[in-house]
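Residue numbers (the working numbering): -7 to 107.
Every residue gets a Cβ at the ideal spot worked out from N, C-alpha and C, and that includes glycine.
From a predicted model like this one, the values you see are computed outputs, not experimental measurements.
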């Protein structure tokens, strides 16, 4: 069942999303280096990483488990992004763009893991 993760659209798109999160968090205050910045970055790296790791597994059940972890990381990012404007760390335009992309990633992963 092994997938070539570098060819998976969900992996490519989540990798780009990770870059977007890094760009946005680079504008966060230095005092958040070990707070939201770190949390958002770690969660964003987790999405494509778990897709890649799951793709190396030999069963659909294992791949589904790693896909579920990726979805969980995406929801974690959504929560942290929703906190960010409360603290004046992110503009509404950036927030909406990220939330829209995270929704699409969740839909893509959910559809893929059902196959």
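Review point. How many whole angstroms separate the CB atoms of residue 43 and residue 0, which I take to be in contact at a CB cut-off of 8 Å?
Key: Right, their Cβ atoms sit about 7 Å apart.
Review point. Given a threshold of 16 other Cβ atoms within 10 Å of its Cβ, counted over all protein chains shown, does residue 81 qualify as buried or as exposed?
Key: That one is buried.
Review point. With burial defined as no fewer than 16 other Cβ atoms inside 10 Å of the residue's Cβ, what is the status of residue 71: buried or exposed?
Key: Within 10 angstroms of the beta-carbon of residue 71 lie fewer than 16 other beta-carbons, which makes it exposed.
Review point. Among 100, 86, 99, which has the Cα closest to the Cα of residue 18?
Key: Minimum Cα distance to residue 18 is reached at 86.
Review point. Beta-carbon separation of residue 69 and residue 13 under 8 Å?
Key: The Cβ atoms of residue 69 and residue 13 lie closer than 8 Å to each other.
Point to revise | Straight-line Cα distance separating residue 95 from residue 28 | key: In a straight line, the C-alpha of residue 28 is about 20 Å away from that of residue 95.
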